[in-house]
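Asks: To convert, note that position 103 of the sequence shown is 103 in UniProt numbering; the numbers rise steadily by one, no gaps.
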Amino acid sequence: MTTIRCDIVSAEAEIFRGEATLVVVTGEVGELGIAPRHAPLITRLKPGKVVVTQANGEKLDFAISGGILEVQPQVVTILADTAIRADEIDEAKVRAAKEEAERVLAGRGEAMDVAEAQKKMAEVAAQLQALERLRKNLKH
Numbered sequence: 001m002t003t004i005r006c007d008i009v010s011a012e013a014e015i016f017r018g019e020a021t022l023v024v025v026t027g028e029v030g031e032l033g034i035a036p037r038h039a040p041l042i043t044r045l046k047p048g049k050v051v052v053t054q055a056n057g058e059k060l061d062f063a064i065s066g067g068i069l070e071v072q073p074q075v076v077t078i079l080a081d082t083a084i085r086a087d088e089i090d091e092a093k094v095r096a097a098k099e100e101a102e103r104v105l106a107g108r109g110e111a112m113d114v115a116e117a118q119k120k121m122a123e124v125a126a127q128l129q130a131l132e133r134l135r136k137n138l139k140h
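#1: Going by the CB atoms, is the gap between Ala117 and Leu105 shorter than 9 Å?
#2: Among Val71, Gly67, Arg95, which one has its Cα closest to the Cα of Thr82?
#3: From Asn56, Ala96, Ser65, pick the residue whose C-alpha is nearest to that of residue 160; which is it?
#4: With C-beta atoms as the reference, is Leu69 less than 9 Å away from Arg85?
#5: Taking Pro40 as part of the beta strand (DSSP E), name the residues at either end of that continuous run.
#6: Spatial neighbours of Leu60 within its chain, please: C-beta separation below 6 Å, excluding the five flanking residues on both sides.
#7: Excluding five sequence neighbours on each side, which residues of the same chain lie with their C-beta closer than 6 Å to the C-beta of Val9?
#8: How is Ala80 classed by DSSP in three states: helix, strand or coil?
#9: When you compare only the Cα positions, how much space is there between His38 and Leu22?
#10: Here's a check: name, in chain order, each residue in its chain whose Cβ is nearer than 8 Å to the Cβ of Glu19, leaving out the five neighbours to either side.
#11: For Leu32, which residues of its own chain have a beta-carbon under 6 Å away from its beta-carbon, when the five flanking residues on both sides are left out?
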């Protein structure tokens, strides 16, 4: 089976490095699927999911807050502002951040401006979706 190396890096640390048969990311225009021998590409990423399918068929879920995707012949690199594995997400903390962002967007909060609140909502939505995918995969 043919694989491509996938590196997911945030500003703080390397989150993942390994071989993959498919990498799915959320680009600015929609979802992108990157398989081995994909054409070279550079694009911006929106806050959302990254799903890495490993050679053994196991899928790893990550949530990112945006960043850059670079595809080279032998490697896919995701440079994310922030990135987290689905199994490391603190659900209580994410839900609290979502509630704060919702208050600001409803005009009842003062801690952040609307643009920051919208960005935060996109980030927490991506993390909650990653948690849901993780729970769904654990049931199977």
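Think of the CB as a built atom: it goes at the ideal place given N, C-alpha and C, for glycine as much as any other residue.
Please read all numbers here as calculations on a predicted model, not as lab measurements.
Replies: Let me spell this out:
#1: Cβ distance < 9 Å, so Leu105 and Ala117 count as in contact.
#2: Thr82 has its Cα closest to that of Gly67, out of Val71, Gly67, Arg95.
#3: Outside the shown range of the chain (1 to 140) lies residue 160, about which nothing can therefore be said.
#4: The answer is no: Cβ separation not under 9 Å.
#5: Counting along the chain, Pro40 falls outside any beta strand (DSSP E), and DSSP gives it neither H nor E.
#6: Closer than 6 Å at Cβ, skipping near neighbours: Val52.
#7: If we look at Val9 and ignore the five residues flanking it on each side, its Cβ neighbours are Leu79.
#8: Three-state DSSP puts Ala80 in a strand.
#9: Cα to Cα, the separation comes out at about 10 Å.
#10: Taking C-beta separations shorter than 8 Å and ignoring five residues to either side along the sequence, the partners of Glu19 in its chain run Thr3, Ile4, Arg5, Cys6, Gln54, Ala55, following chain order.
#11: Within its own chain, the residues whose Cβ lies closer than 6 Å to the Cβ of Leu32, once the five positions on either side in sequence are excluded, are Val25, listed in chain order.
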